[in-house]
Amino acid sequence: MQTQECQARDRAHHLHPFTDFKALGEEGSRVITRAEGVYIHDSRGHRILDGMAGLWCVNLGYGRQELVEAAREQLEQLPYYNTFFKTTHPPAVRLAEKLCELAPAHMNHVFFTGSGSEANDTVLRMVRRYWALQGKPGKRWIIGRENGYHGSTVAGMSLGGMAPMHDQGGPCVPEIAHIRQPYWFGEGRDQSPEAFGRACAEALEAKILELGEENVAAFIAEPVQGAGGAIMPPASYWPAIKAVLAKHDILLVADEVICGFGRLGEWFGSQHFGLEPDLMPIAKGLSSGYLPIGGVLVGDRVADTLIEEGGEFFHGFTYSGHPACAAVALKNLELLEAEGVVERVRDDVGPYLARRWAELADHPLVGEARSLGLMGALELVADKATGSRFDKSLAAGNLCRDICFDAGLVMRSVGDTMIIAPPLVITRQEIDELVRLARRALDETAVRLA
Ligand code: PLP
Numbered sequence: 001m002q003t004q005e006c007q008a009r010d011r012a013h014h015l016h017p018f019t020d021f022k023a024l025g026e027e028g029s030r031v032i033t034r035a036e037g038v039y040i041h042d043s044r045g046h047r048i049l050d051g052m053a054g055l056w057c058v059n060l061g062y063g064r065q066e067l068v069e070a071a072r073e074q075l076e077q078l079p080y081y082n083t084f085f086k087t088t089h090p091p092a093v094r095l096a097e098k099l100c101e102l103a104p105a106h107m108n109h110v111f112f113t114g115s116g117s118e119a120n121d122t123v124l125r126m127v128r129r130y131w132a133l134q135g136k137p138g139k140r141w142i143i144g145r146e147n148g149y150h151g152s153t154v155a156g157m158s159l160g161g162m163a164p165m166h167d168q169g170g171p172c173v174p175e176i177a178h179i180r181q182p183y184w185f186g187e188g189r190d191q192s193p194e195a196f197g198r199a200c201a202e203a204l205e206a207k208i209l210e211l212g213e214e215n216v217a218a219f220i221a222e223p224v225q226g227a228g229g230a231i232m233p234p235a236s237y238w239p240a241i242k243a244v245l246a247k248h249d250i251l252l253v254a255d256e257v258i259c260g261f262g263r264l265g266e267w268f269g270s271q272h273f274g275l276e277p278d279l280m281p282i283a284k285g286l287s288s289g290y291l292p293i294g295g296v297l298v299g300d301r302v303a304d305t306l307i308e309e310g311g312e313f314f315h316g317f318t319y320s321g322h323p324a325c326a327a328v329a330l331k332n333l334e335l336l337e338a339e340g341v342v343e344r345v346r347d348d349v350g351p352y353l354a355r356r357w358a359e360l361a362d363h364p365l366v367g368e369a370r371s372l373g374l375m376g377a378l379e380l381v382a383d384k385a386t387g388s389r390f391d392k393s394l395a396a397g398n399l400c401r402d403i404c405f406d407a408g409l410v411m412r413s414v415g416d417t418m419i420i421a422p423p424l425v426i427t428r429q430e431i432d433e434l435v436r437l438a439r440r441a442l443d444e445t446a447v448r449l450a
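Residues 1 to 450 in my numbering are what the sequence shown lists, from first letter to last.
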């Protein structure tokens with residue numbers, strides 16, 4: 001299919017996610033046709049370094065034949081069977097075992113879903129069910145964060161704190177509240193990062209007191225906010241949050257959909273920050289995005305109650321534990337482990353990216369360059385001295401993103417924050433290329449904005 005024909009047929013029938021349908025129709029989609037390693041290729045013959053690992057998911061990189069083979073073998077053996085009503089199959093059994101081996105020691109059960117959003121719908125049902133079984137049915141409120149992202153189903157977007165989503169999809173699921181995010185560059189520069197981190201935790205305590213501890217079930221947060229703009233919290237944040245949750249006996253849900261499976265240099269982001277979550281939604285890197293699968297890892301405290309006292313849990317999806325998806329996910333975890341990918345992020349390419357990425361802080365457009373593991377962000381500013389932003393009408397972030405793409409690098413924009421999260425198998429040489437392309441795009445963006 002030629003590019004223009006593909007674009008026309010796409011425009012005629014395809015409504016894309018998170019897209020202005022009309023604007024896309026006028027511009028035409030970019031047609032991606034194949035990929036290998038850390039590179040994608042478009043229909044016009046361009047090779048592009050995928051600085052976002054698809055949508056933060058292709059952890060093992062593109063073109064891994066072992067994953068293709070795992071899918072093929074499983075599709076031949078048993079393409080589908082469900083896990084409802086007391087049935088199971090070997091891939092689901094093996095994947096559940098492997099996940100619980102990799103997860104923190106107190107997490108010994110997993111509930112499978114088809115996506116990260118479905119995982120968070122499951123979280124909502126599980127935490128409310130847990131407290132009802134504990135004889136505390138009033139504990140129903142879940143506290144999330146402004147600008148947090150937990151998916152696009154109604155429960156997912158309600159738990160998340162993305163205002164444009166709430167405005168379009170509302171009314172949201174009741175009894176969900178949001179507190180401020182630990183976004184120091186965007187919202188806290190009048191204080192030190194440490195003081196700001198503690199202030200954000202105080203906001204959690206204030207919200208709990210406002211709602212009444214007896215009414216609050218759980219706090220949900222990404223260890224590092226991804227879609228909100230690769231926001232790494234100040235070092236004081238998580239210890240202070242943990243203390244508040246323990247004081248008021250409130251469950252912690254660490255959304256590991258992005259941070260899980262090596263992104264931050266540990267198997268789970270929670271391990272990097274020393275969290276002991278009660279529930280961990282997972283997806284994306286679980287299968288390196290090769291097939292859709294998600295789940296919720298459940299800590300013993302919640303699992304024991306659901307198992308011993310819960311009776312039937314009226315919840316599940318046709319594709320919960322889908323055999324081919326489970327087989328691919330299992331092979332993906334085995335490869336991540338056998339190739340030491342997670343350790344490599346922690347000890348080698350993560351620190352290397354940190355060093356190279358930090359060099360971009362000298363650019364006149366960059367107010368802050370930050371990274372952790374293989375996740376990074378650049379804050380674009382109009383005035384480096386004051387950190388003031390460009391006028392919104394200039395859409396500086398989108399301009400930079402488009403320049404980047406044309407120059408051969410996928411770098412995403414969240415407002416005027418540029419973010420990267422490349423495949424975990426990226427080499428030092430490819431990181432050099434990524435940083436070089438990013439700097440070139442910043443230079444051109446500066447010229448276009450002048
Ligand atoms: N949770 C987080 C932290 C995410 O980043 C995402 C997707 O980006 C989701 C949940 C939703 O996952 P999915 O798109 O697979 O439904």
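Ideal placement from N, C-alpha and C gives every residue a C-beta, glycine not left out.
Same chain, Cβ closer than 6 angstroms to residue i, five either side skipped, listed in chain order
i: H272; result: L264 and E266
i: G387; result: G367 and V381
i: S236; result: E194, G197 and R198
i: G151; result: G116, S117 and N120
i: I40; result: I32, I48 and D50
i: A327; result: A70, Q74 and P91
i: Y183; result: I231
i: V110; result: A96, L99, G295 and L297
i: F185; result: E368 and E379
i: F112; result: G295, S320 and G321
Range of the contiguous alpha helix (DSSP H) that encloses residue i
i: F196; result: P193 to L211
i: F185; result: W184 to E187
i: I282; result: Segment L279 to I282 is the beta strand (DSSP E) holding I282; no alpha helix (DSSP H) there.
i: M126; result: G116 to L133
i: A396; result: A396 to A407
i: E36; result: Counting along the chain, E36 falls outside any alpha helix (DSSP H), though it belongs to the beta strand (DSSP E) covering I32 to E36.
i: H89; result: Run containing H89: none; DSSP gives neither H nor E here.
i: A53; result: A53 to W56
i: R72; result: Q65 to Q77
i: T386; result: Premise fails: T386 is in no alpha helix (DSSP H) and is neither H nor E.
i: L24; result: F21 to E27
Per DSSP, cross-strand counterpart(s) of residue i
i: H109; result: V298
i: M375; result: L372
i: V216; result: W141
i: M1; result: DSSP lists no partner for M1.
i: Y62; result: G37
i: A177; result: I143
i: A221; result: A254
i: V366; result: L380
Cβ separation of residue i and residue j, assumed to be a contact under 8 angstroms, to the nearest whole Å
i: L159; j: I231; result: With a Cβ gap of about 17 angstroms, L159 and I231 do not count as contacting.
i: E379; j: T417; result: 6 angstroms
i: I307; j: L297; result: No, I307 and L297 are not in contact; Cβ-Cβ is about 15 angstroms, not under 8 angstroms.
i: V38; j: P423; result: 5 angstroms
i: L437; j: G408; result: 6 angstroms
i: P458; j: A446; result: Here the chain comprises residues numbered 1 to 450, so residue 458 is not present and cannot be evaluated.
i: G520; j: L336; result: Residue 520 falls outside the range modelled here, since the chain spans only 1 to 450, and no answer is possible.
Where the beta strand (DSSP E) containing residue i begins and where it ends
i: D42; result: Y39 to D42
i: S413; result: R412 to V414
i: E444; result: Looking at the DSSP string, E444 is not in any beta strand (DSSP E); the run it does join, the alpha helix (DSSP H), is R428 to L449.
i: L49; result: R47 to L49
Any non-hydrogen atom of the ligand FMN within 7 angstroms of residue i CB
i: H14; result: This structure lacks the ligand FMN; the ligands present are the ligand PLP.
Nonlocal neighbours in the same chain, by C-beta distance under 7 angstroms from residue i, ignoring five residues either side
i: G138; result: E214 and N215
i: G169; result: V154 and M157
i: L245; result: F219 and L252
i: A324; result: A71, Q74, L75, P79 and L291
Sequence-distant residues of the same chain with beta carbon closer than 8 angstroms to residue i, five excluded per side
i: R448; result: L399 and I403
field: Length-filtered (3 minimum) beta strand (DSSP E) runs lying within the segment 226-282
entry: For the segment 226-282, whole beta strand (DSSP E) runs of length 3 or above, ordered along the chain, are 251-254 and 279-282.
message: I'd like the ranges of any beta strand (DSSP E) spanning at least 3 consecutive residues and lying wholly in the segment 294-362.
response: Taking 3 residues as the shortest admissible run, the segment 294-362 contains the following complete beta strand (DSSP E) segments, listed from N- to C-terminal end: 294-299.
message: Extract the residue ranges of the alpha helix (DSSP H) inside the segment 141-167, only unbroken runs of 4 or more that lie entirely within it.
response: Within the segment 141-167, the runs of alpha helix (DSSP H) at least 4 residues long that lie entirely inside it are, in chain order, 154-159.
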